[in-house]
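Read through the structure below, which is laid out as structure tokens, and then see the notes.
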Amino acid sequence: MARHLITSALPYINGIKHLGNLVGSQLPADLYARYLRGRGHEVMFICATDEHGTPAELAAAKTGEPVAEYCRRMHAEQSKLAEGFGLSFDHYGRSSSPQNHRLTQHFAGRLDAAGLIREVSEKQVYSNEDGRFLPDRYIEGTCPNCGYEKARGDQCENCTKQLDPTDLIDPRSAISGSTDLEVRETKHLFLRQSAMRDRIAEWIDSKTDWPVLTTSIAKKWLFDGDGLQDRGITRDLDWGVPVQKGDQAWPGMEGKVFYVWFDAPIEYIGATAEWAEAQGGDWERWWRTDKGAEDVTYTQFMGKDNVPFHTLGFPVTIMGSGEPWKLVDYIKSFNYLTYDGGQFSTSQGRGVFMDDALDLLPADYWRWWLLSHAPESGDSEFTWENFQQSVNKDLADVLGNFVSRVTKFCRSKFGEAVPDGAAWGDAERELASAITRRVRAYEAQMDRMEIRKAAAELRAIWVLGNEYLQAAAPWATFKEDPDRAAMQVRLGLNLIGLYAVLSAPFLPFTAARLREAMNSSAAWPDDVDAALTALPPGHAFTVPDNLFAKITDDQRDEWSERFSGVRG
RNA sequence: GGGCCUGUAGCUCAAUGGUCAGAGCAGGGCGCUCAUAACGCCUUGGUUGGGGGUUCAAGUCCCUCCGGGCCUACCA
Numbered sequence: 001m002a003r004h005l006i007t008s009a010l011p012y013i014n015g016i017k018h019l020g021n022l023v024g025s026q027l028p029a030d031l032y033a034r035y036l037r038g039r040g041h042e043v044m045f046i047c048a049t050d051e052h053g054t055p056a057e058l059a060a061a062k063t064g065e066p067v068a069e070y071c072r073r074m075h076a077e078q079s080k081l082a083e084g085f086g087l088s089f090d091h092y093g094r095s096s097s098p099q100n101h102r103l104t105q106h107f108a109g110r111l112d113a114a115g116l117i118r119e120v121s122e123k124q125v126y127s128n129e130d131g132r133f134l135p136d137r138y139i140e141g142t143c144p145n146c147g148y149e150k151a152r153g154d155q156c157e158n159c160t161k162q163l164d165p166t167d168l169i170d171p172r173s174a175i176s177g178s179t180d181l182e183v184r185e186t187k188h189l190f191l192r193q194s195a196m197r198d199r200i201a202e203w204i205d206s207k208t209d210w211p212v213l214t215t216s217i218a219k220k221w222l223f224d225g226d227g228l229q230d231r232g233i234t235r236d237l238d239w240g241v242p243v244q245k246g247d248q249a250w251p252g253m254e255g256k257v258f259y260v261w262f263d264a265p266i267e268y269i270g271a272t273a274e275w276a277e278a279q280g281g282d283w284e285r286w287w288r289t290d291k292g293a294e295d296v297t298y299t300q301f302m303g304k305d306n307v308p309f310h311t312l313g314f315p316v317t318i319m320g321s322g323e324p325w326k327l328v329d330y331i332k333s334f335n336y337l338t339y340d341g342g343q344f345s346t347s348q349g350r351g352v353f354m355d356d357a358l359d360l361l362p363a364d365y366w367r368w369w370l371l372s373h374a375p376e377s378g379d380s381e382f383t384w385e386n387f388q389q390s391v392n393k394d395l396a397d398v399l400g401n402f403v404s405r406v407t408k409f410c411r412s413k414f415g416e417a418v419p420d421g422a423a424w425g426d427a428e429r430e431l432a433s434a435i436t437r438r439v440r441a442y443e444a445q446m447d448r449m450e451i452r453k454a455a456a457e458l459r460a461i462w463v464l465g466n467e468y469l470q471a472a473a474p475w476a477t478f479k480e481d482p483d484r485a486a487m488q489v490r491l492g493l494n495l496i497g498l499y500a501v502l503s504a505p506f507l508p509f510t511a512a513r514l515r516e517a518m519n520s521s522a523a524w525p526d527d528v529d530a531a532l533t534a535l536p537p538g539h540a541f542t543v544p545d546n547l548f549a550k551i552t553d554d555q556r557d558e559w560s561e562r563f564s565g566v567r568g
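In the UniProt record's numbering, the protein residues as written are 1 to 568.
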């Protein structure tokens with residue numbers, strides 16, 4: 001039994017996430033966590049909401065709530081949706097937790113002691129009317145290059161030229177529209193990532209088995225241009241972790257908070273500490289290699305936009321602390337899911353969001369489609385037609401109908417108990433060995449986190465059941481040799497029990513229904529032959545209702561129309 | 001501008017430089033009747049974006065052109 005620490009990139013608190021966000025981190029992380037638990041390993045699966053930063057403050061201002069209250073409410077909402085999708089976090093924390101405050105301040109203190117923090121005085125735009133400093137992209141104005149009137153302070157979207165906010169003609173606040181702006185001097189802390197460049201580069205170089213997507217992004221940031229740059233880790237905001245060195249004040253930094261990208265990854269640790277406090281466990285044995293974490297395998301899941309923070313910033317924090325914190329062992333990164341030819345868009349309400357999805361269909365439909373089409377090698381596209389076809393075929397026809405035909409046939413000929421009868425023949429032994437090969441391949445793909453390939457193997461295992469049934473034809477056998485038909489049906493029923501276990505990482509809700517209907521165990525089929533005889537003659541079961549209703553053409557058309565843009 | 005990824009069957013995707021480039025879906029034919037008009041078997045379909053090169057051998061390596069996507073450090 002191994003110990004696995006799994007973290008999913010933290011979803012930002014600002015609003016409900018869409019399916020692209022879901023498939024990029026939380027869902028595959030859940031798949032892996034469920035699989036490893038199924039194999040009997042000890043798993044700590046951590047996620048949390050990322051609650052700090054300007055967008056959270058603005059979103060709260062918009063609803064008129066204090067930001068802390070807004071975050072509390074949105075956290076509850078995201079938790080509920082996570083539960084609805086069956087995301088099996090051991091703890092779903094909050095980056096605003098006291099645990100994270102303490103840890104973030106602790107790391108900052110350690111980094112400062114190691115000489116990895118420097119103070120920088122810089123000029124930033126302050127909006128008098130908004131009463132806050134404005135991040136570059138919250139300043140709008142006319143582009144000096146092309147004359148576009150809605151250029152942002154960091155870049156003009158029209159001509160793609162990189163800008164400095166002070167370049168803008170007629171600058172104004174993107175928040176209030178106020179032109180009462182001034183440039184003020186402000187002091188910030190910078191993390192000296194440049195000083196750690198060689199160490200990080202060496203570390204990345206040693207990760208030859210990581211996805212190319214992960215290492216290529218890391219190397220780009222390490223070596224492009226002048227190489228890895230130092231980054232500001234503080235902001236002039238109210239909402240966040242106050243800047244301190246451990247529990248000591250940080251002279252000159254009063255009223256400032258740490259920047260989200262600094263405190264957010266630390267919340268992986270913070271959330272584990274939250275878990276410990278809530279459950280009464282020991283979080284350090286997951287995170288401190290001097291306190292029991294030396295045998296932990298740590299895997300992170302994230303979308304490609306998060307890779308720089310996890311390959312550079314967070315490791316600099318961890319390594320730079322000089323303390324024996326657990327460093328990530330494998331970073332599984334994903335491309336984007338696109339929606340019907342374009343991007344999912346939160347602002348335009350384009351695409352399907354987590355709450356919409358659960359209103360439409362049970363979670364397992366979404367889980368199956370998203371995971372079996374995970375954007376691993378490139379961006380992948382969601383279309384309603386593809387979704388309808390895949391789900392109807394894979395879930396309703398291949399898996400659902402298999403369960404239906406076996407259980408209903410048994411009920412009509414033998415009743416709702418596993419029938420006694422003849423012993424296995426060649427066909428059954430061949431099936432068992434074919435399934436064994438497939439199960440071992442499935443495990444291998446899951447171990448490698450090859451998600452689409454794992455889904456294909458699982459589907460192939462379902463197909464084997466239909467092939468067997470077709471060849472064995474118990475409905476025909478029954479007429480001349482009921483004893484043999486009973487054996488064939490018994491094997492079919494046992495296949496359902498096996499499918500429940502194997503499918504659980506992808507389809508946890510369906511798997512639970514199957515286990516309940518079959519009264520079968522959740523034990524992983526290390527020995528497939530044994531698993532296929534686990535339900536003995538006389539074992540009672542019930543015929544489940546059809547597992548998956550098909551998506552009709554009318555539904556598909558209606559949904560396609562409804563989610564094309566402008567969310568109501 | 002620079003960098004990275006990507007282009008393979010109608011669609012979605014596979015293929016450590018090594019048999020005839022494979023699956024699933026869709027299409028066509030046949031079979032079955034237990035089952036959600038489901039299942040099974042067979043089958044059509046590719047000049048691997050174009051061109052050039054290296055090699056005994058290229059989807060795979062190199063060059064070039066064309067198309068798509070992403071990143072480029074103050075959104076997170």
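Think of the CB as a built atom: it goes at the ideal place given N, C-alpha and C, for glycine as much as any other residue.
Quiz prompt | Terminal residues of the beta strand (DSSP E) in which residue 536 lies | solution = Residue 536: not part of any beta strand (DSSP E); DSSP gives it neither H nor E.
Quiz item: Taking all protein chains shown into account, do 16 or more other C-beta atoms lie within 10 angstroms of the C-beta of residue 66, making it buried, or fewer, making it exposed?
Solution: It counts as exposed.
Quiz item: Which residues bound the beta strand (DSSP E) around residue 7?
Solution: Counting along the chain, the unbroken beta strand (DSSP E) around residue 7 starts and ends at 3-8.
Quiz prompt | Status (buried if at least 16 other CB within 10 Å, exposed otherwise) for residue 295 | solution = It counts as exposed.
Quiz prompt | Counted within 10 angstroms of its Cβ, other Cβ atoms place residue 274 as buried (16 or more) or exposed | solution = Around the beta-carbon of residue 274, 16 or more other beta-carbon atoms lie within 10 Å, marking it buried.
Quiz item: How far does the alpha helix (DSSP H) with residue 597 in it reach, from first residue to last?
Solution: Only positions 1 to 568 of the chain appear in the structure, and residue 597 is not among them; the question remains open.
Self-check item: Between the CA atoms of residue 69 and residue 456 - distance to the nearest angstrom
Solution: About 44 Å.
Quiz item: According to the neighbour-count rule (16 or more other Cβ atoms, all chains shown, within 10 Å of its Cβ), is residue 530 buried or exposed?
Solution: Looking at its Cβ environment, which holds fewer than 16 other Cβ atoms inside 10 Å, residue 530 is exposed.
Quiz item: Do the stretch 256-270 and the stretch 90-109 meet, that is, are 3 or more Cβ pairs less than 8 Å apart?
Solution: The stretch 256-270 makes contact with the stretch 90-109: 3 or more CB pairs, one atom from each, lie closer than 8 Å.
Quiz item: When you compare only the Cα positions, how much space is there between residue 137 and residue 131?
Solution: The alpha-carbon atoms of residue 137 and residue 131 are separated by roughly 17 Å.
Exercise. Go ahead and pull the three-state DSSP assignment for residue 375.
Key: Residue state, collapsed to three classes: coil.
Quiz prompt | Whole runs of the beta strand (DSSP E) within the stretch 68-147, excluding any shorter than 3 residues | solution = For the stretch 68-147, whole beta strand (DSSP E) runs of length 3 or above, ordered along the chain, are 91-94, 117-127, 139-142.
Practice problem: Within 10 angstroms of the Cβ of residue 171, are there 16 or more other Cβ atoms? Answer buried if so, exposed if not. | Solution: It is buried - the Cβ of residue 171 has at least 16 other Cβ atoms within 10 Å.
Quiz item: Nearest to residue 298 by alpha carbon, out of 42, 352, 413, 234?
Solution: Checked all of 42, 352, 413, 234; the closest Cα to residue 298 is 42.
Quiz item: From residue 484 to residue 404, what does the alpha carbon distance come to, in whole angstroms?
Solution: Cα-Cα distance, rounded: 20 Å.
Quiz item: Do the stretch 467-483 and the stretch 510-527 make contact, defined as three or more Cβ pairs closer than 8 Å?
Solution: Flag = no, the stretch 467-483 and the stretch 510-527 do not touch.
Self-check item: Per DSSP, cross-strand counterpart(s) of residue 301
Solution: Looking at the DSSP assignment, residue 301 forms a beta bridge with 8, 332.
Practice problem: Flag this pair as touching only if the stretch 91-98 and the stretch 44-54 have three or more C-beta atom pairs under 8 Å; answer yes or no. | Solution: Yes, since at least three Cβ pairs between the stretch 91-98 and the stretch 44-54 fall closer than 8 Å, the two stretches touch.
Self-check item: Touch test, the stretch 305-320 against the stretch 351-366, Cβ-Cβ under 8 Å, three pairs minimum
Solution: No: the two stretches stay apart, fewer than three of their Cβ pairs being nearer than 8 Å.
Quiz item: Should residue 444 be labelled buried (16 or more other beta-carbon atoms within 10 Å of its own) or exposed?
Solution: Burial check for residue 444: the Cβ neighbour count within 10 Å stays below 16, so the residue is exposed.
Practice problem: Count the other C-beta atoms from every protein chain shown that fall within 10 angstroms of the C-beta of residue 263, then say buried if there are 16 or more, exposed otherwise. | Solution: With 16 or more other Cβ atoms within 10 Å, it is buried.
Quiz item: How about residue 326 and residue 213: do their beta carbons lie closer than 8 Å?
Solution: Inclusion of residue 326 and residue 213 in the CB contact set at 8 Å is not warranted, their separation being larger than that value.
Practice problem: May I have the straight-line CA-CA distance separating residue 386 from residue 417, to the nearest angstrom? | Solution: Pairing residue 386 with residue 417, the inter-Cα distance amounts to about 38 Å.
Self-check item: Helix, strand or coil at residue 339 [DSSP, three-state]
Solution: Strand.
Exercise. Please go through the same chain and pick out, in chain order, the residues whose beta-carbon is closer than 6 Å to the beta-carbon of residue 182, but skip the five residues on each side of it.
Key: Answer for residue 182: 126, listed in chain order.
Exercise. Look at the alpha carbon of residue 426 and the alpha carbon of residue 88, and state the distance between them as a whole number of angstroms.
Key: Going by the C-alpha atoms only, they are around 41 Å apart.
Quiz prompt | First through last residue of the beta strand (DSSP E) which encompasses residue 48 | solution = Run containing residue 48: 42-49, per the beta strand (DSSP E) assignment.
Practice problem: Name the two residues that bound the continuous beta strand (DSSP E) containing residue 181. | Solution: Where residue 181 is concerned, the enclosing beta strand (DSSP E) stretches over 181-191.
Quiz item: In its own chain, which residues sit with a C-beta less than 6 Å from the C-beta of residue 332, not counting the 5 before and 5 after it?
Solution: Once the five neighbours on either side are set aside, the close Cβ partners of residue 332 are 301, 449.
Self-check item: residue 9 classed as buried or exposed, judged by whether at least 16 other C-beta atoms fall within 10 angstroms
Solution: Result: buried.
Quiz item: Pick from 148, 176, 177, 234: whose alpha carbon is nearest that of residue 163?
Solution: Nearest option by C-alpha distance: 148.
Quiz item: Near residue 168, what residues of its chain come up, given a Cβ to Cβ distance below 8 Å and the 5 sequence neighbours on each side ignored?
Solution: Cβ within range, chain order: 139, 140, 141, 142, 143, 144, 151, 153.
Quiz item: How far does the alpha helix (DSSP H) with residue 483 in it reach, from first residue to last?
Solution: Element bounds for residue 483: 482-503.
Practice problem: Leaving out five residues on either side along the sequence, give the residues of the same chain with a beta carbon under 7 Å from the beta carbon of residue 330. | Solution: Here the set comprises 210, 299.
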